[in-house]
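Our numbering applies: residue 14 is where the sequence shown begins, and numbers increase by one.
Even for Gly, the Cβ is constructed at its ideal location relative to N, Cα and C.
Keep in mind that this is a model prediction, so the values were computed, not measured.
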Amino acid sequence: MKIERIEIRRIELPFVAPFETSGWRELANHSLIVRLQAEGAEGWGEAPVGAGPWYNEETQATAWVMARQILAPMLLEASIARPEDVDAVFTRVRGNRMARAGFEFAAWDLFGRLEGRSLSAMLGGTRAQVDVGVSVGVQPDIEALLRVVSAYVEAGYRRVKLKIKPGWDIEPTRAVRETWPNLRLQVDANSIYSLDQADQLAQLDAFDLLLIEQPLAHDDIVDHAKLQRRLRTPICLDESIVSPEHARWAIELQACGVINIKPSRVGGLTAARQIHAMCAEAGIPVWCGGMLETGIGRAANVALASLPNFSLPGDISASDRYFQRDVVRSPFVLNADSTLSVPTAPGTGAEVDEAFLDSVTLEKVDLTR
């Protein structure tokens with residue numbers, strides 16, 4: 014197959030509320046949206062980059078240049094027989110994994126629509142619903158935190174993740190645990206701590222957490238292995254795992270007890286599926302993290318999370334957690350049992366609302382062979 018046309022957009026879709034982590038604050042989704050067309054069909058993908066290089070090195074500005082000048086021309090020149098071939102087309106491109114993932118997601122959607130198969134079926138998914146939770150950003154004070162968590166618990170979420178940082182870690186976690194003794198609870202540090210703060214992090218062992226996510230540097234594996242030996246709570250690696258090789262290193266060094274697989278972070282669904290299989294063989298549970306995606310990227314995440322070793326709830330909440338209105342006509346809705354239903358329509362199942370997408374598009378380009 015030859016891709017006949019590629020459309021790339023950069024968008025700005027405001028969140029219903031600012032999302033604050035230990036190191037940055039997001040006010041809107043700044044993704045690139047990719048559409049591929051071939052053989053009378055189309056596929057949609059999302060590269061969920063941020064406005065600044067705070068989560069990783071990519072931004073909307075850098076991804077925009079990469080997508081237009083490097084990735085799209087490479088894909089237009091290639092012949093692909095299956096969606097995994099897109100990963101191979103981009104092998105010689107170093108880094109820029111989120112930008113690459115946007116094209117790979119669109120290829121999976123395109124092939125799924127052409128073959129009449131859902132993305133979940135193509136990936137080997139085994140579930141009709143996936144367990145999900147909600148991520149709660151840093152709040153002004155504990156009273157505000159308890160109000161926010163209470164609203165999500167009342168909405169039906171059975172797992173909550175708290176963003177933490179030095180000075181906002183032990184007491185907020187204690188307050189939530191004491192208020193909801195049976196809540197499935199975990200924390201995420203987004204790389205803000207250092208190894209010499211191990212004793213501080215060890216205090217979190219008292220709160221029966223599912224995991225402590227990425228406490229140390231974003232590119233570290235070695236010090237996480239040292240820290241894991243000092244904690245009872247499993248460490249979950251996120252930012253450190255950018256490829257199947259990084260996952261292998263973490264497993265061999267016993268640097269974590271859990272891995273968060275964000276398909277956009279590792280370059281797409283092909284690499285994500287490889288990491289899933291590697292972790293399953295090693296007995297390491299995984300879960301699917303989110304990057305505040307629109308319904309386009311969220312649909313790909315939900316399909317991935319239907320694979321069997323995704324045994325912990327993912328950060329792929331219902332669409333209204335993030336947006337007053339999504340760019341798809343098929344937004345995700347939380348089920349009563351804290352799950353999202355896995356789409357069964359061909360491809361990702363995302364039905365794009367092009368008129369609304371146009372209204373949040375800052376710039377668009379079309380490229381053809």
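Residue i vs residue j beta-carbon contact at 8 Å
i    : j    : result
A60  : A94  : no
L196 : V161 : no
V102 : L88  : yes
A285 : L317 : yes
P247 : C269 : yes
L222 : V189 : no
A114 : G281 : yes
G108 : E70  : yes
V279 : T307 : no
N273 : L250 : yes
S253 : I234 : yes
E52  : L375 : no
V315 : F345 : yes
F369 : R334 : no
E367 : S343 : no
E167 : T283 : no
R23  : Q73  : yes
T192 : L159 : yes
Member of the options whose CA lies at the smallest distance from the CA of residue i
i    : options                   : result
T34  : P359, H237, P228 and E294 : P228
T75  : L49, H43, A54 and S92     : H43
K15  : S92, E39, R23 and G65     : S92
L123 : F369, N348 and I309       : I309
A219 : E252, T283, H231 and D182 : D182
L136 : V145, R171 and P96        : P96
Q216 : K239, E226, E184 and D233 : E184
G129 : S324, A54, E117 and V378  : A54
A313 : Q82, D100, E25 and S131   : S131
Q142 : R334, A263, A368 and P321 : P321
T186 : L84, T307 and I155        : I155
W67  : S204, I83, A164 and E167  : S204
R242 : A211, E252 and V99        : A211
G65  : L40, Q50 and V315         : L40
G198 : S148, D350 and G360       : For the record, residue 198 in the displayed sequence is Leu; it is not Gly. Nearest of S148, D350 and G360 to L198, Cα basis: S148.
W121 : G58, S207 and A157        : G58
L266 : A51, C292 and A238        : A238
R48  : A164, T72, A85 and H231   : A85
P359 : L159, L127 and H231       : L127
D387 : A263, P257, V255 and E376 : It is not possible to answer for residue 387, since the shown part of the chain is limited to 14 through 382.
A202 : P179, S324 and R342       : P179
V255 : L45, R110 and Q50         : R110
R382 : Q50, R22, R23 and I46     : Q50
D350 : L240, Q73, L45 and R171   : R171
I46  : H231, V271, P194 and S277 : S277
G296 : S319, F323 and K275       : F323
In DSSP terms, what residue i is bridged to
i    : result
A141 : For A141, which the question treats as bridged, DSSP gives no partner whatsoever.
I272 : L250 and V299
V279 : Its beta-bridge partners do not exist; DSSP assigns none.
F323 : V299
V149 : L175
Integer-rounded CB distance, given that residue j should sit under 8 Å from residue i
i    : j    : result
G303 : D328 : 4 Å
G63  : A119 : That belief does not hold up - the Cβ atoms of G63 and A119 are roughly 20 Å apart, past 8 Å.
R38  : P31  : 6 Å
G146 : P326 : 4 Å
I19  : L380 : 5 Å
I288 : A331 : Incorrect: roughly 26 Å between the Cβ atoms, too far for contact.
V271 : S319 : No, V271 and S319 are not in contact; Cβ-Cβ is about 18 Å, not under 8 Å.
Counted within 10 angstroms of its Cβ, other Cβ atoms place residue i as buried (16 or more) or exposed
i    : result
T104 : exposed
S133 : buried
Q213 : exposed
G125 : buried
T139 : exposed
L353 : buried
V5   : The requested residue 5 is not part of the displayed model; the chain covers only 14 to 382.
L305 : buried
D144 : buried
D100 : buried
V373 : buried
V29  : exposed
P194 : exposed
P153 : exposed
Residue i Cβ short of 7 Å to the ligand PLP heavy atom set
i    : result
R382 : Absence of the ligand PLP from the depicted structure is noted, as is the absence of any ligand whatsoever, leaving it without description.
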